[in-house]
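Numbering (the numbering used here), first residue to last: 48 to 327.
Notes follow once the structure below has been shown.
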Amino acid sequence: MEVVQVLHMNGGIGDTSYANNSLVQQKVISMTKPITEEAIVGHYCNSFSRRLVIADLGCSSGPNTLFVVSELVKAVHHVCRILDRNSPEFQVFLNDLPGNDFNSIFKSLPSFQQKLSDQMGAGFGPCFFTGVPGSFYGRLFPSKSLHFVHSSYSLQWLSEGLIEEEKVDTFNIPQYTPCPSEVKSEVLKEGSFTVNRLEVSQVNWDTYDSDSISPADALGDGGYSVAKCMRAVAEPLLLSHFGEGIIEEVFRRYKEIIADRMSKEKTEFVNVIISVTKRG
């Protein structure tokens, strides 16, 4: 079975859902806020488009999905007030693979739009949302139809995923973690974009980041669970290949391994953040 048909984050709002186990991703999005705001405000001030089209590739579901959009929209609306201009209309495309929990996103849109309108006040341009299921390794949009594209924790996925020995031998998650210079080199070699900014940030595995809580204690029921975070991301892929019989035992052992490591060292996720502009 092709990965595109089975790869998605855990849906819903349950204990192992992505919505309740994505604090690391939210923290990274918050850390990149100055860069994304600079990029979208810079574009708007160069064009003053009456309609701003934004795409979020790999939007997933849960609070992070609309958090990204709200920050981008607020940044543009803020600069419009400073410049005494009418806010543009916003067209937002939310993209992820077909198995993504789009229904949860759509159910949350009315309350999100009302809250956004209340916060922005008079003069806020309307915000339209469209779900775009499909892989961004293929063509998703017509040419020259987007103004701003955002992607967070999505570009590491490759398009092939592979407990019997045969199943182990045929299971593979091809992932390569590049250094910043490699990322920049590939962008420049491809030639379609100029690099505006390239930075590296670190996020602690213990997202509460409190010296009063030991790393191992952070894995308990009262703390943020790295094991649950990884389960929210990887479980659908593992289920499709190995079946549900091994899942509980796999993540029980994984939790023990992570707890042992976090008790010995302060571990971090390293993130490469890049802002690019399409040429011509």
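Every residue gets a Cβ at the ideal spot worked out from N, C-alpha and C, and that includes glycine.
Q | Contact set for Ser259: own chain, Cβ-Cβ below 7 Å, skip 5 residues either direction | A | The predicted position of Ser259 is uncertain, since its pLDDT is 49 and thus under 50; a value taken from the coordinates is nonetheless stated next. Contacts found: none.
What would DSSP say about Thr241, mapped onto helix, strand or coil? Thr241: strand per DSSP, three-state reduction.
Exposure label - Ala169; buried when at least 16 CB within 10 Å: Exposed, since its Cβ has fewer than 16 Cβ neighbours within 10 Å.
query = Can you name, in chain order, every residue of its own chain whose Cβ lies under 6 Å from the Cβ of Asn318, other than the five neighbours on each side?
reply = For Asn318, where only same-chain residues beyond five positions count, the Cβ hits under 6 Å are Val75 and Ser248.
query: Is the segment 169-178 in contact with the segment 119-137, if contact means three or more CB pairs nearer than 8 Å?
result: Short answer: they touch.
Q. Start and end of the beta strand (DSSP E) containing Pro180?
A. Segment Cys174 to Pro180, the beta strand (DSSP E) holding Pro180.
Same chain, Cβ closer than 6 Å to Val196, five either side skipped, listed in chain order = Correct list, in chain order: Ala102.
Quiz prompt | the segment 290-307 touching the segment 217-225, judged by at least three CB pairs closer than 8 Å | solution = Under the 8 Å Cβ criterion, the segment 290-307 does not count as touching the segment 217-225, having fewer than three qualifying pairs.
Check: Assuming Leu104 and Ser198 make a contact with CB atoms under 8 Å, what is their CB distance in whole Å?
Finding: That belief holds up - the Cβ atoms of Leu104 and Ser198 are roughly 4 Å apart, short of 8 Å.
My parser needs the beta strand (DSSP E) runs of 3 or more residues fully inside the segment 81-159; what are they? Taken in chain order, the whole beta strand (DSSP E) runs of length 3 or more contained in the segment 81-159 are 98-104 and 136-143.
**OP:** Report yes if the C-beta distance between Glu246 and Ile293 is below 8 Å; otherwise report no.
**Re:** No. Outside cutoff.
- Query: If we call anything under 8 Å between Cβ atoms a contact, is Val115 one with Phe176?
  - Reply: In this structure, Phe176 does not lie closer than 8 Å to Val115 by Cβ.
Do the segment 140-147 and the segment 178-193 make contact, defined as three or more Cβ pairs closer than 8 Å?
Yes: the two stretches touch, three or more of their Cβ pairs being nearer than 8 Å.
TODO: Inspect the beta-carbon positions of Met167 and His194 and report whether they are closer than 8 Å.
DONE: The criterion of a C-beta distance shorter than 8 Å is not satisfied by Met167 and His194.
| query | Taking the continuous alpha helix (DSSP H) assigned at Lys275, which residues delimit it? | reply | That run of the alpha helix (DSSP H) goes Val273 to Phe289.
- Item | Exposure of Glu329, with buried meaning 16 or more beta-carbon neighbours within 10 Å | The question about residue 329 has no answer here: the residues shown for the chain are numbered 48 through 327.
| message | Can you tell me which residues form a DSSP beta bridge with Glu295? | response | Answer is none; Glu295 lacks a bridge partner.
Within the same chain, show all residues whose beta-carbon is closer than 6 Å to that of Tyr91, passing over the 5 residues directly before and after it, in chain order. The beta carbon of Tyr91 lies closer than 6 Å to those of Val123 in the same chain, with the five residues before and after it left out.
**Message:** For Ser155 and Ser77, I'd like the C-alpha separation in whole angstroms.
**Reply:** As the crow flies, the alpha-carbon of Ser155 is around 21 Å from that of Ser77.
Counting only beta-carbon atoms, is Leu187 nearer than 8 Å to chain C? Of the protein chains in this structure there is only one, and it is not chain C.
Check: My guess is that Arg326 and Thr241 are in contact by the Cβ rule of under 8 Å, so how many angstroms apart are they, rounded?
Finding: Indeed, because the Cβ distance is near 6 Å, the residues count as touching under 8 Å.
Review point. Looking at the unbroken alpha helix (DSSP H) that takes in Thr217, where does it start and where does it end?
Key: Run containing Thr217: Glu212 to Thr217, per the alpha helix (DSSP H) assignment.
* From Val297 to Lys313, what does the alpha carbon distance come to, in whole angstroms? -> Distance between the alpha carbons of Val297 and Lys313 is about 23 Å.
message: Comparing C-alpha positions only, which one of Val230, Met309 and Pro283 sits nearest to Ser272?
response: Between Ser272 and the set Val230, Met309 and Pro283, the nearest pair of CA atoms involves Met309.
Notebook entry, point to check: Taking the alpha-carbon positions, what's the Glu212 to Arg278 distance?
Noted result: So the alpha carbons of these two residues sit roughly 22 Å apart.
Item to complete: Report buried or exposed for Thr324, applying the criterion of at least 16 other Cβ atoms within 10 angstroms of its Cβ.
Response: Exposed is the label assigned to Thr324, since fewer than 16 other Cβ atoms lie within 10 Å of its Cβ.
Identify, in the order they occur along the chain, each residue of the same chain with its Cβ nearer than 6 Å to the Cβ of Arg97, setting aside the five sequence neighbours on each side.
Cβ within range, chain order: Pro135.
For Ser310: DSSP bridge partner residues: Beta-bridge analysis with DSSP links Ser310 to no other residue.
**Message:** Out of Glu229, Ile152, Tyr200 and Phe159, which one is the CA nearest neighbour of Phe316?
**Reply:** It is Tyr200.
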